[in-house]
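In terms of this note's numbering, the sequence shown opens at residue 3 and continues consecutively.
All C-beta atoms in this analysis are idealised placements derived from N, C-alpha and C, irrespective of residue type, glycine included.
Take a look at the structure set out below.
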Amino acid sequence: MTTWASGPLLGFDTETTGVNSTSDRVVTAALVMRDAAGTRQRTWLIDPGVEIPAGAAAIHGITTEKARAEGLAPAPALDEIAGMLVQALRNGIPVVAFNAGFDLQILDSELARHHLPTLPQRLGGPVRPVIDPLVIDRAVDRYRKGKRTLGHLCQVYGITGSGLHTAEVDVVATLDVLRAIVSRHSAKLAHLDLHGLHDYQVAAHRAWAESFREWLVSKGRTDGPGSEWPY
């Protein structure tokens with residue numbers, strides 16, 4: 003297995019008010035550090051300052067009432083999360099996130115909303131290295147049929163979990179899926195260092211997005227994913 007796969011790795015996930023990374027809000031977040039010493043996690047419950055739609059609450063279990071009663075103020079919580087991510091990246095520790103573009107973009111949107119520096123502003127450059135098991139799985143097993151949600155990838159790679167849909171549970175599952183992908187597809191990944199892996203994902207996402215947009219056009223649709231990764 004590659005050296006970077008053994009850690010340290012900083013897993014990241016959010017649960018939110020919806021799926022729009024520009025206008026929706028972070029409700030919970032989790033950071034999970036995995037290294038030779040084991041796994042350590044930190045979680046945040048945030049009062050987003052807006053109503054949490056019933057559909058979102060049904061997924062992650064956080065209602066508007068719970069967030070208002072128990073949640074942290076957004077600005078200091080978001081600032082702390084961003085600070086921990088930036089510290090890890092500056093130390094060469096990759097951030098691991100499933101569908102990383104969404105979580106990183108919604109965090110940056112929230113930071114800007116609260117007049118706080120975004121991740122690129124804090125880093126003075128691009129957010130890297132990032133590892134996204136979704137992007138890697140699409141690249142190393144391109145023609146496998148079926149969905150590629152985190153739950154489906156857990157099934158594909160034999161990862162069992164609690165079944166709960168919380169940020170911290172999803173982060174642990176994401177880290178487990180990453181390890182399983184690297185183990186199964188080591189021949190395609192073993193030669194890459196962290197920055198090579200980041201660039202590999204940039205190219206892989208672009209190729210996937212372009213192919214998917216072509217398919218959508220063939221169906222008469224003009225929408226589709228952007229080519230940039232992680233965001």
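Return the bridge partner residues of residue i from the DSSP annotation.
i	result
residue 40	37
residue 31	16, 46
residue 132	97
residue 118	In DSSP, residue 118 forms no bridge with anything.
residue 2	Any question about residue 2 goes unanswered here, given that the chain covers just 3 to 233.
residue 109	In the DSSP output, where bridge partners are listed per residue, residue 109 has none listed.
residue 152	In DSSP, residue 152 forms no bridge with anything.
residue 242	Residue 242 lies beyond the range of the chain shown here (3 to 233); nothing can be said about it.
How many angstroms separate the CA atom of residue i from the CA atom of residue j?
i	j	result
residue 24	residue 37	32 Å
residue 41	residue 173	11 Å
residue 122	residue 92	12 Å
residue 207	residue 163	27 Å
residue 52	residue 225	28 Å
residue 60	residue 20	11 Å
residue 8	residue 125	25 Å
residue 145	residue 167	28 Å
residue 259	residue 4	For the chain, the structure presents residues 3 to 233; residue 259 sits outside this window and is missing.
residue 39	residue 223	49 Å
residue 189	residue 65	45 Å
residue 119	residue 113	6 Å
residue 216	residue 28	32 Å
residue 198	residue 94	13 Å
residue 44	residue 171	12 Å
residue 109	residue 101	13 Å
Go through its chain and collect everything with a Cβ distance to residue i's Cβ below 6 Å, but skip five positions before and after it.
i	result
residue 83	31
Helix, strand or coil for residue i? Go by DSSP, reduced to three states.
i	result
residue 66	helix
residue 91	helix
residue 177	helix
residue 194	coil
residue 81	helix
Excluding the 5 residues preceding and the 5 following residue i in the sequence, name in chain order all residues of the same chain whose CB lies nearer than 7 Å to its CB.
i	result
residue 105	14, 15, 16, 99
residue 177	11, 13, 34, 36, 98
residue 46	30, 31, 74, 79, 83
residue 103	231, 232, 233
residue 175	152, 156, 161, 163
Beta-carbon within less than 8 Å of residue i's beta-carbon, same chain only, minus the 5 sequence neighbours each way: which residues are those?
i	result
residue 214	226, 227
Q. Any chance the segment 128 to 140 sits against the segment 199 to 216, with 3 or more Cβ pairs inside 8 Å?
A. Touching, yes, given that three or more Cβ pairs across the two stretches are closer than 8 Å.
**Q.** Three CB pairs or more closer than 8 Å across the segment 70 to 89 and the segment 115 to 132
**A.** The segment 70 to 89, when compared against the segment 115 to 132, does touch it at the 8 Å Cβ threshold.
(Q) Contact between the segment 145 to 160 and the segment 177 to 191 is defined here as three or more beta-carbon pairs at a separation below 8 Å; is this criterion met? (A) Taking a cut-off of 8 Å for Cβ pairs, the segment 145 to 160 and the segment 177 to 191 touch, as three or more such pairs fall below it.
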